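Novice:
Numbering (the working numbering), first residue to last: 1 to 735.
1. Look up residue 344 in the DSSP assignment and say whether it is helix, strand or coil.
2. Between which two residues does the alpha helix (DSSP H) harbouring residue 694 extend?
3. Take the Cβ of residue 230 as the centre, count every other Cβ of all protein chains shown within 10 Å, and call the residue buried at 16 or more, exposed below.
4. Considering just the uninterrupted stretch of the alpha helix (DSSP H) at residue 313, what are its terminal residues?
5. Taking only the alpha-carbon atoms, compute the straight-line gap between residue 289 and residue 240 and give it to the nearest angstrom.
6. For residue 729, which of helix, strand or coil comes out of DSSP?
7. Residues in its own chain within less than 8 Å of residue 736 by CB, not counting five upstream and five downstream?
8. For residue 300, I'd like the list of residues in its chain whose CB is within less than 8 Å of its CB, leaving aside the five on either flank, ordered along the chain.
9. With DSSP run on the structure shown, which of helix, strand or coil describes residue 280?
10. Could you give the C-beta distance for residue 104 and residue 64, rounded to a whole number, given that I count them as a contact under 8 Å?
11. Can you give me the Cβ contacts of residue 197 inside the same chain, cut-off strictly under 6 Å, excluding the 5 residues immediately before and after it?
12. What did DSSP end up calling residue 137 once you bin it into helix, strand or coil?
13. Starting from residue 204, trace the beta strand (DSSP E) both ways and give me its first and last residue.
14. Considering Cα atoms alone, identify which of 656, 680, 654, 630 is closest to residue 666.
15. Using a Cβ-Cβ cut-off of 8 Å (strictly less than) and excluding sequence neighbours within five positions of residue 212, which residues of its own chain qualify?
16. Do you know offhand how far residue 736's Cα is from residue 345's?
17. How would you label residue 87, buried or exposed, when you count the other beta carbons within 10 angstroms and need 16 or more for buried?
18. Based on Cα-Cα distance, which residue from 729, 719, 367 lies nearest to residue 617?
19. Rounded to whole angstroms, what's the CA-CA distance from residue 167 to residue 226? Just pull it up for me.
20. Do residue 195 and residue 141 have their beta-carbon atoms positioned less than 8 Å apart in this structure?
21. Buried or exposed for residue 532, please, with buried defined as at least 16 other CB atoms from any protein chain shown within 10 angstroms of its CB.
22. Less than 7 Å between C-beta atoms, sequence neighbours within five positions excluded: which residues of the same chain meet that for residue 731?
23. Along the chain, where does the beta strand (DSSP E) containing residue 517 start, and where does it finish?
24. Based on the DSSP output, what are the partners of residue 667 in its beta bridges?
25. Would residue 702 and residue 677 qualify as a contact pair, given that the criterion is a beta-carbon distance under 8 Å?
26. Using the Cβ count rule (16 or more neighbours within 10 Å means buried), how would you classify residue 90?
27. Measuring CB to CB, does residue 441 end up less than 8 Å from residue 432?
28. Looking at residue 181: is its Cβ nearer than 8 Å to the Cβ of residue 118?
29. Who are the near neighbours of residue 619 in its chain, counting only those whose CB is closer than 6 Å to its CB and skipping five residues on each side?
30. Out of 490, 421, 414, which one is the CA nearest neighbour of residue 398?
31. Looking at the secondary structure, which residues open and close the alpha helix (DSSP H) in which residue 199 lies?
32. With H, G and I counted as helix, E and B as strand and the rest as coil, what does DSSP make of residue 367?
33. Apart from the five residues just before and just after residue 483, which ones in its own chain have a Cβ nearer than 8 Å to its Cβ?
34. Report the rounded CA-to-CA distance for residue 738 versus residue 385, giving the unit in angstroms.
35. Using a Cβ distance threshold of 8 Å, determine whether the stretch 325–333 contacts the stretch 279–297, with at least three qualifying pairs required.
36. Alpha carbon to alpha carbon, how far is residue 653 from residue 67?
See the structure below:
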């Protein structure tokens, strides 16, 4: 029996020692980098002049950029995204964008990358044995590396997915064996790496997909799968990779990882040089120079589909923060956030990520630095927003606690609400408290008071207490983790705190505190108050135990429903303020107005359309139609469902002759339908302004309709001086 007790004591003390030594992978994510990319990808010319504002409001460490290739006359001849094409380019093709980047004195976006990939012209064909083609590709990749180095970028991003006729698959009808073709693919990898390292030998190259791509761990299947020649190409890159270069497997699979275990398992696979796709001669280099990163797909949090990430405790923000926090925990350095249906570079309601996903910026910042929430703790406690979850926090006397069920031999203590371990004594002291009459005193050897709390993976907790000592007594606050079945787990995730200056005696009350997130596999938080005393006369006191769950400080519960309701009620019009160009990168300009099309109801017309950059209602821009001697309309396709009800409104004004109107029509798969169900609205004067507003307060989508068409019409203009303007077009679900 005595031997068993000694073994149990050793087990508990072993846990405490592990806790005090800290975690193997730090929960401090401030050293990790978060990179932005997506359909709203920027070009250098779009950053110059506004980068300082972007750095202030965007929570990123860098951007993935597209560089434009231009000939000596300034004409566009290509881009960094489409380098796998034929043609000879001069060394100066990216110089214009390099100069734009030099104008940006970044203080925050210091980890920018240039996007490249296995894509050329859409009609481009390629053969692994075509020396001329691959010579051009290697030269273009060299120029991208040159641009990255000269513009201060960290390196390149490589997208292995092909958006042209080039394919990674082996073609049995090529007349060449798989082995011969594979050898040639490896040769091309060496050729491209030689070109890249000649300009930027210490570059970082981030691959959206590396060897984590599905099927690349089974060499026997390579002759039959879509990316069967990709591993050979990668080995060619590794053959020529210089020792100062770093490759990152960006693991696009991270899009759908939902817990820490998924990220950590993938991390182990990425870092394992035993992957059979890695040639034996490259395994040491692979282990040393290939790091793990992860991608997060923002759209999976705002669009309900088979790929969606579900809410956590009713909160979509919590699900996103949990996913991003886990990715940062597992990544060696970089995590990239990819988005399609919204943009970071516009505050237009229907496009902005922050408007669509309120709190996402804060969630990103707190994922990088979870402990940053502690700055808000004092105000939250004072306002009563947090509940102290500790039992008997003031160590008041009362009925002894019952023994907690545990396989490590916890026993009941003389302090209500706590279990005890060790041979020392712990009792309520009714005369020595920090700011109340009572506290707990420990004396006579080593003793630990224990309190457990049921928790869930991903939750955040802050534990604090006051301590003082006499003589050589050493107080310690520790937290550890157990499964829901009360067995120890995640020992390397525990934490400890000592009085300021380390475990030394102090006659004054001092605060001890720890902050942590519940690791994977844990179901109980174990709070341990420990004392290691030498002579029985030396004592340690603890008082005012506080345990706070902080998740409601990060974001309010039930944000999933709130967010989806906000998305439903957002303005469905794209570019409703008529801004110049396809500035959000999500649509191509049609006529003059991005996101709109012009319907000329009567031909011919002699008028013209433009964006007026000096006249707007609530903004500096609007749509202008001038000199239109016949009737014409500005329209947009908006996806809707039968039975939905919408409110449509727009502001307009005229100069000289002419009339303007707002109406709504219906289409089914881009064909006009339900013609008798449309509505028209008159413009009404806006007090104090020459702008007028037209409103269709409620219109119901008919059956067999899937597109609502807002129609802004102009008619009756008689001279080039006659003009009409439209601004702030809105289509919203009606309450």
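Glycine included, each C-beta is placed from N, C-alpha and C at the ideal position. Values in this document were obtained by computation on a predicted structure and should not be read as measured data.
Specialist: Concretely, from the data shown:
1. For the purposes of this step, residue 344 is taken as residue 344 along the chain shown, with counting starting at 1. Looking at residue 344 - three-state DSSP - the assignment turns out to be coil, as it is neither helix nor strand.
2. For the purposes of this step, residue 694 is identified with residue 694 of the chain shown, where counting begins at 1. Run containing residue 694: none in the alpha helix (DSSP H); it sits in the beta strand (DSSP E), 692–700.
3. Translated into positions along the chain shown, residue 230 becomes position 230. In the assembly as shown, residue 230 is a buried residue. Its beta-carbon has 16 or more other beta-carbons within 10 Å.
4. In the chain shown, residue 313 corresponds to position 313, counting from 1. Segment: none, residue 313 is in no alpha helix (DSSP H) and carries neither H nor E.
5. Position 289 of the chain shown, counted from the start, is the residue given in the question as residue 289. Position 240 of the chain shown, counted from the start, is the residue given in the question as residue 240. So the two alpha carbons sit approximately 12 Å from each other.
6. Position 729 of the chain shown, counted from the start, is the residue given in the question as residue 729. In the structure shown, residue 729 sits in a strand (DSSP, three-state: E or B).
7. Nothing about residue 736 can be read from this structure; the chain reaches only from 1 to 735.
8. On the chain shown, residue 300 is found 300 positions in, with the first residue counted as 1. The answer, listed in chain order, is 255, 256, 307, 308, 309.
9. Looking up residue 280 in the chain shown gives position 280. In the structure shown, residue 280 sits in a helix (DSSP, three-state: H, G or I).
10. Within the chain shown, numbered from 1, the residue matching residue 104 stands at position 104. Within the chain shown, numbered from 1, the residue matching residue 64 stands at position 64. About 15 Å separates the two Cβ atoms, so there is no contact after all.
11. Along the chain shown, one-based indexing puts residue 197 at 197. Excluding sequence neighbours, residue 197 sits near 242.
12. One-based indexing of the chain shown puts residue 137 at position 137. In this structure, residue 137 counts as helix in the three-state DSSP scheme.
13. Taking the chain shown and counting its residues from 1, one reaches residue 204 at position 204. Taken as a continuous stretch (DSSP letters only), the beta strand (DSSP E) holding residue 204 covers 204–207.
14. Along the chain shown, read from residue 1 onward, the residue named residue 666 stands at position 666. For residue 666, the nearest C-alpha among the options comes from 680.
15. Translated into the one-based positions of the chain shown, residue 212 becomes position 212. Answer for residue 212: 249, 251, 252, 253, 266, 269, 270, listed in chain order.
16. Residue 736 is absent from the model: the chain starts at 1 and stops at 735.
17. Against the chain shown, residue 87 aligns to sequence position 87. Classification for residue 87: exposed.
18. Taking the first residue of the chain shown as 1, we reach residue 617 at position 617. Measuring from the Cα of residue 617, the nearest candidate turns out to be 729.
19. Numbered from its first residue, the chain shown carries residue 167 at position 167. Numbered from its first residue, the chain shown carries residue 226 at position 226. About 8 Å.
20. Reading the chain shown from its first residue, position 141 is the one you call residue 141. Reading the chain shown from its first residue, position 195 is the one you call residue 195. Yes, they are a contact pair.
21. For this step, residue 532 is matched to residue 532 along the chain shown. Residue 532 comes out buried.
22. Against the chain shown, residue 731 aligns to sequence position 731. Contacts found: 571, 572, 573, 638, 646, 648, 708, 710.
23. For this step, residue 517 is matched to residue 517 along the chain shown. 510–517 is the span of the beta strand (DSSP E), which, as asked, contains residue 517.
24. If you number the chain shown from 1, residue 667 lands on position 667. BP columns for residue 667 point to 672, 707.
25. For the purposes of this step, residue 702 is taken as residue 702 along the chain shown, with counting starting at 1. For the purposes of this step, residue 677 is taken as residue 677 along the chain shown, with counting starting at 1. Going by C-beta atoms, residue 702 is nearer than 8 Å to residue 677.
26. In the chain shown, residue 90 corresponds to position 90, counting from 1. Exposed is the call here.
27. Counting from one through the chain shown, the residue named residue 441 turns up at place 441. Counting from one through the chain shown, the residue named residue 432 turns up at place 432. Yes, Cβ-Cβ distance for residue 441 and residue 432 is below 8 Å.
28. Looking up residue 181 in the chain shown gives position 181. Looking up residue 118 in the chain shown gives position 118. Not in contact: residue 181 and residue 118 (Cβ atoms no closer than 8 Å).
29. To locate residue 619, count along the chain shown from 1; it is residue 619. Excluding sequence neighbours, residue 619 sits near 577.
30. Taking the first residue of the chain shown as 1, we reach residue 398 at position 398. Considering only alpha carbons, the answer is 414.
31. Here residue 199 corresponds to residue number 199 of the chain shown, with the count starting at 1. Counting along the chain, the alpha helix (DSSP H) containing residue 199 begins and ends at 178–199.
32. The count along the chain shown starts at 1 and reaches residue 367 at position 367. Correct three-state label for residue 367: helix.
33. Taking the first residue of the chain shown as 1, we reach residue 483 at position 483. Only residues of its own chain outside the window of five on either side were considered, and among them 489, 521, 522, 523, 524 have a CB closer than 8 Å to the CB of residue 483, listed in chain order.
34. Beyond the ends of the chain as shown, which are 1 and 735, falls residue 738; an answer cannot be given.
35. yes
36. Here residue 653 refers to the residue found at position 653 when the chain shown is read from its first residue. Here residue 67 refers to the residue found at position 67 when the chain shown is read from its first residue. Those two C-alpha atoms are separated by around 40 Å.
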